[in-house]
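Here's the structure we're looking at; comments come further down.
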Ligand code: UDP
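In this note's numbering, the protein residues as written are 120 to 279.
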């Protein structure tokens, strides 16, 4: 069975998370992976990539008419990003809560953006905003051979 054809609902929901170039430069990769692992989500894909401007324009297509769009593409292509796919129950919505708000100034302490950044144009992490966006983004950033099926020996201690 192909990963992209499996039902991405319930405990199989997936989201796309990326540590942005500033997060990589600021050595936040370990901290961010740690938070998702310890929460109980399952890592199914991870790679360090220099994103092309074409890929980033596709990724942020819905923002193409915003005044900050070209700066956003420059920011996101300024260095490698760590692209990840995480899986678990309600992972899309929960990951957004773990990230905080788009503007770090509005993000609560304890969230990633609330704890580790100051400005919107350097907000260290991306997370899909809906299940639909997640499916689009995962297929944009990952080939299906890069998404791993593996049995999590701890899952009975995460789900009842
Ligand atoms: N962004 C920005 N200025 C703005 C709004 C957004 O620089 O006024 C950047 C910011 O890095 C944000 C990204 O554009 O994370 C994508 O914006 P979106 O509204 O999709 O926010 P997100 O889903 O990342 O919270």
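Glycine residues also receive a C-beta, built at the ideal position from the N, C-alpha and C atoms.
One or two residues paired with residue i in a DSSP bridge
i           : result
residue 228 : 230
residue 244 : 138
residue 133 : 206
Heavy atom of ligand 1 within 7 Å of residue i beta-carbon
i           : result
residue 245 : yes
residue 191 : yes
residue 242 : yes
residue 230 : no
residue 221 : yes
residue 187 : yes
residue 225 : no
residue 182 : yes
residue 248 : yes
residue 239 : yes
Reduced DSSP secondary structure (H/G/I, E/B, other) of residue i
i           : result
residue 257 : helix
residue 268 : coil
residue 251 : helix
residue 278 : coil
Practice task
Report the residue ranges of all alpha helix (DSSP H) runs contained in full by the region 139-213; include only those spanning at least 4 residues, in chain order.
Solution key: 140-144, 148-158, 172-178, 188-195
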